[in-house]
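Below you'll find the structure, written out as structure tokens, and then a few comments.
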Amino acid sequence: AQSVTQPDIHITVSEGASLELRCNYSYGATPYLFWYVQSPGQGLQLLLKYFSGDTLVQGIKGFEAEFKRSQSSFNLRKPSVHWSDAAEYFCAVGARNAGNMLTFGGGTRLMVKP
Amino acid sequence: EAGVTQFPSHSVIEKGQTVTLRCDPISGHDNLYWYRRVMGKEIKFLLHFVKESKQDESGMPNNRFLAERTGGTYSTLKVQPAELEDSGVYFCASSQAPRNYQPQHFGDGTRLSIL
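If you read the protein sequences in the order shown, they are chains A and B. Residue numbering for the first sequence follows the working numbering, starting at 1 and increasing by one per position. Residue numbering for the second sequence follows the working numbering, starting at 1 and increasing by one per position.
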């Protein structure tokens, strides 16, 4: 069975600082990988996805993530954080079968200091 | 295009009552998923419809939960009778029929509180 671990429950960064959110997964083959963001009072918005090919993927809002098979990781990065990035971030893995259900990590809540 | 719509946004009911949650997927999306996040826990898969058929309901917690998708359009998730542990946020997601993998688009969720 697949699983996803987000080691950091909370992270606080200063506005303008760089950000890296960690994600480790367990899956028997090459997975589909996703990062979603949930801003207060809103639903889950897809930031970016990895299916195959280039291991560095670009997403919306200036985010990127890098798939590292050897480390079973898919960390999310942003070079300069904005106050509006304060939200909860979820890493997810999708099974490569007909169902394609998502397995989520526990989420990382990002706070941004002025 | 309109996104995934969930109704109601919040529901507060007493233990033992019945509640029905509704999800309207993006038009043309054959796949519809229900997920749940209980406080402090991960978002967990409940079930998956392809059109009107249940493809996978392995995540449904027990027989107090009943999901339907009549005509392959909107879906309902009924909890009867509701228990305290059913409190949480219920998310619906939809995706197109996969030729290649299609990402899931989520609604804003229904926050369910059982008193």
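All C-beta atoms in this analysis are idealised placements derived from N, C-alpha and C, irrespective of residue type, glycine included.
Within 10 angstroms of its Cβ, does residue i collect 16 or more other Cβ (buried), or is it exposed?
i: B:Thr18; result: exposed
i: B:Asp108; result: buried
i: A:Arg44; result: A small correction: the amino acid at residue 44 of chain A is Leu; Arg does not occupy that position in the sequence shown. Classification of A:Leu44: buried, given that the 10 Å Cβ count is 16 or more.
i: A:Asp54; result: exposed
i: A:Pro31; result: buried
i: B:Asn63; result: exposed
i: A:Thr103; result: buried
i: B:Glu14; result: exposed
i: B:Gln104; result: buried
i: B:Ser27; result: exposed
i: B:Ile43; result: buried
i: B:Ala2; result: exposed
i: B:Leu84; result: exposed
i: B:Lys25; result: As written in the sequence, residue 25 of chain B is Pro, which differs from the Lys given in the question. So B:Pro25 ends up on the buried side.
i: B:Val12; result: exposed
Can you look up residue i in the DSSP assignment and give me helix, strand or coil?
i: A:Gln42; result: coil
i: B:Ser11; result: strand
i: A:Asp85; result: helix
i: A:Asp18; result: Checking the displayed sequence, the identity of residue 18 of chain A turns out to be Ser instead of Asp. Coil.
i: A:Thr55; result: coil
i: A:Lys68; result: strand
i: B:Asp24; result: strand
i: B:Glu83; result: coil
i: A:Lys61; result: helix
i: B:Thr73; result: coil
i: B:Leu115; result: coil
i: B:Thr18; result: coil
i: B:Asn63; result: coil
i: A:Tyr50; result: strand
i: A:Tyr25; result: strand
Cutting at 6 Å between CB atoms, please list the residues of its own chain near residue i, excluding the five before and the five after it.
i: B:His10; result: Arg111
i: A:Glu88; result: Gln38, Gly107, Arg109
i: B:Phe45; result: Tyr35, Gly59
i: A:Lys49; result: Phe34
i: B:Phe91; result: Tyr35, Phe106, Gly109
i: A:His10; result: Arg109
i: A:Gly62; result: Lys78
i: A:Arg69; result: none
i: A:Leu56; result: Glu66
i: A:Phe51; result: Tyr32
On the DSSP bridge assignment, give the partners of residue i in chain order.
i: A:Ala92; result: A:Phe34, A:Phe104
i: B:Ala93; result: B:Tyr33, B:Phe106
i: B:Asp56; result: B:His48
i: A:Lys113; result: A:Ser14
i: B:Ala2; result: None; B:Ala2 has no bridge partner.
i: B:Gly40; result: B:Gly40 pairs with nothing; no bridge assigned.
i: A:Ser80; result: Beta-bridge pairing links A:Ser80 to no other residue.
Can you find the residues in the same chain that come closer than 7 Å, C-beta to C-beta, to residue i, ignoring five residues on each side of it along the sequence?
i: A:Ala95; result: Gln2, Met101
i: B:Phe7; result: Arg22
i: A:Leu46; result: Phe34, Tyr36
i: A:Ala86; result: Leu110, Met111, Val112
Excluding the 5 residues flanking residue i on each side, which residues of the same chain have their C-beta closer than 8 Å to its C-beta?
i: B:Met39; result: Ser87, Gly88
Query raised in the report: With contact counted as at least three CB pairs below 8 Å, one residue from each stretch, are the segment 44-61 of chain B and the segment 78-88 of chain A in contact?
Result: Too few Cβ pairs lie closer than 8 Å, so no.
Query raised in the report: Within the chosen definition, does the segment 15-24 of chain A reach the segment 74-89 of chain B through at least 3 CB pairs nearer than 8 Å?
Result: Touching, no.
Requested in this report: Answer yes if the segment 3-18 of chain A comes into contact with the segment 66-73 of chain B, meaning at least three C-beta pairs across the two stretches below 8 Å, and no otherwise.
Outcome: No, the segment 66-73 of chain B is not in contact with the segment 3-18 of chain A.
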